[in-house]
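In the working numbering, the protein residues as written are 45 to 143. Positions of the beta carbon are idealized from the N, C-alpha and C atoms, including for glycine. Encoded as structure tokens, the structure appears first; notes follow it.
See below:
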């Protein structure tokens, strides 16, 4: 039997946006679906995005490991891009960039 891989992610909600949405979530509503998957930035193809960088695509600074986290329900949905920290931080925070 193949061993299972485990990915543990801890994300903070300093603005309290997600926590506020969960608190208002009706108790009789179906539970939200959650997904965490790898994300690879691709060259921008939209006309409005072409002028954002000299190379007319995603900047090289976006290279590296990215994750996309999604929470979806009939009541609300949330998606964000997360990037693991490159250097240890004094306080426990696993992600430095989110949009």
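Cβ-Cβ separation, residue j to residue i (assumed contact under 8 Å), whole Å
i: residue 112; j: residue 123; result: 7 Å
i: residue 119; j: residue 58; result: Between residue 58 and residue 119 the Cβ distance is about 22 Å, and since that is not below 8 Å, they are no contact.
Range of the contiguous alpha helix (DSSP H) that encloses residue i
i: residue 67; result: 61-67
Host beta strand (DSSP E) of residue i (start-end)
i: residue 110; result: 110-116
i: residue 74; result: Looking at the DSSP string, residue 74 is not in any beta strand (DSSP E), and its letter there is neither H nor E.
i: residue 128; result: 121-128
Neighbour-count burial assignment, residue i, 16 or more Cβ in a 10 Å radius
i: residue 126; result: buried
i: residue 142; result: Because residue 142 sits at a pLDDT of 49, beneath the cut-off of 50, its placement in the model cannot be relied upon, and the following sentence gives the value as read from the coordinates. By the neighbour-count rule (16 or more Cβ atoms within 10 Å), residue 142 is not buried but exposed.
Separation of residue j from residue i, as counted between CA atoms
i: residue 79; j: residue 116; result: 9 Å
i: residue 110; j: residue 72; result: 34 Å
i: residue 137; j: residue 68; result: Confidence is the limiting factor: at residue 137 the pLDDT is only 49, short of 50, which leaves the residue's position unreliable, though a coordinate-based value still follows. Each residue's alpha carbon lies about 26 Å from the other.
i: residue 75; j: residue 114; result: 13 Å
i: residue 108; j: residue 81; result: 14 Å
i: residue 64; j: residue 85; result: 30 Å
i: residue 60; j: residue 66; result: 10 Å
i: residue 62; j: residue 92; result: 30 Å
i: residue 83; j: residue 128; result: 12 Å
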